[in-house]
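Number 12 in numbering that gives the first Met the number 0 belongs to position 13 of the sequence shown; there are no gaps in the numbering. Glycine residues also receive a C-beta, built at the ideal position from the N, C-alpha and C atoms. Okay, so here's the structure we're looking at.
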Amino acid sequence: MKQYLWWVGLLLLLFSTAAAAAAEQPVAIHVQAEGDVRMTPDVVVVWIGVQSEGDDASSALRSSYRIVEDITDIFLAYAPEERLKTSEFFLYRSEHWDPTGNTFVPGPFVVRHVFEVPVTELDRATEMIDRATLAGANVIQNIQYGVSDDTEAWELAYARALDNAWWKGQLLAPEGTVLQLAEIRDTYLSLPRFAAQGGSDVTDLPRMFMPGQMKLAVHLDVIFHAISSAETANDH
0 MKQYLWWVGL LLLLFSTAAA AAAEQPVAIH VQAEGDVRMT PDVVVVWIGV
50 QSEGDDASSA LRSSYRIVED ITDIFLAYAP EERLKTSEFF LYRSEHWDPT
100 GNTFVPGPFV VRHVFEVPVT ELDRATEMID RATLAGANVI QNIQYGVSDD
150 TEAWELAYAR ALDNAWWKGQ LLAPEGTVLQ LAEIRDTYLS LPRFAAQGGS
200 DVTDLPRMFM PGQMKLAVHL DVIFHAISSA ETANDH
């Protein structure tokens, strides 16, 4: 009987110890946080070029090359040479549908050559476009605003996102606990691009585009452990 009681006492002790240990386990708090920064652009990138046609591939290339020589000289007056680059180059033979013969008929050869031109002075972007179109550029695909150095903006966005995570974690933490940072993940970064479409009648555009402001955002997944403040005090 005494042995039986001894085993019962031991089991009760083990169960109470396990229960106490489980009660002391930290509570996991998972939050999603965001930090963003607004920036004023100081660079505008323009995708601009020329599309030419010819009876054969060589004539189409020669026609394109004559215009490309002129417009690249113009681009270099507005953009750093090391950042000017070809973004698109196609050579193909076009075709059109002939309803009489119920078939596609070969057409002229087409060369499409588009450049990425970073203009470092925003108020000169339309001037560059006007000059290039007068020199023969007939393709304007897009414009995109940016900043020359966004290092400080990223640092501030991350700091704001982490502050936001702590604020949320403290709101959710049970009373009588303190938070410890357990895990942090960078989910994605976003930098919206403000763009405008251009057409052949570019010289009718206003003298300056409207860049507005850019939003740079950081998104974090953060896990905190909410630990009893009494337990933390005992550790010290």
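Please classify residue i as buried or exposed, where buried requires at least 16 other C-beta atoms within 10 Å of its C-beta.
i: residue 215; result: buried
i: residue 200; result: Unreliable placement is indicated for residue 200, whose pLDDT of 42 sits below 50; no coordinate value is reported for it.
i: residue 89; result: exposed
i: residue 131; result: buried
i: residue 76; result: exposed
i: residue 115; result: buried
i: residue 176; result: buried
Helix, strand or coil for residue i per DSSP?
i: residue 177; result: strand
i: residue 144; result: strand
i: residue 211; result: coil
i: residue 81; result: helix
i: residue 41; result: coil
i: residue 76; result: coil
i: residue 136; result: coil
i: residue 186; result: strand
i: residue 122; result: helix
i: residue 220; result: strand
Suppose you measure from the CA of residue i to the CA of residue j; what does that come to, to the nearest Å?
i: residue 183; j: residue 71; result: 47 angstroms
i: residue 54; j: residue 61; result: 11 angstroms
i: residue 243; j: residue 58; result: Absent from the model: residue 243. The displayed extent of the chain is 0 to 235, so no value can be given.
i: residue 79; j: residue 29; result: 46 angstroms
i: residue 113; j: residue 69; result: 14 angstroms
i: residue 161; j: residue 147; result: 25 angstroms
i: residue 135; j: residue 87; result: 17 angstroms
i: residue 126; j: residue 98; result: 44 angstroms
Kindly indicate the opening and closing residues of the beta strand (DSSP E) around residue i.
i: residue 91; result: 84 to 97
i: residue 31; result: 26 to 38
Confirm, please, whether the CB-CB distance from residue j to residue i is below 8 angstroms.
i: residue 138; j: residue 48; result: yes
i: residue 212; j: residue 102; result: no
i: residue 104; j: residue 94; result: yes
i: residue 145; j: residue 44; result: yes
i: residue 221; j: residue 157; result: no
What is the residue span of the alpha helix (DSSP H) that residue i lies within?
i: residue 168; result: 150 to 171
When every heavy atom of the ligand SAH is checked, does at least one fall within less than 7 angstroms of the C-beta of residue i?
i: residue 95; result: Questions concerning the ligand SAH fall outside what the structure shown contains, since it holds no ligand whatsoever.
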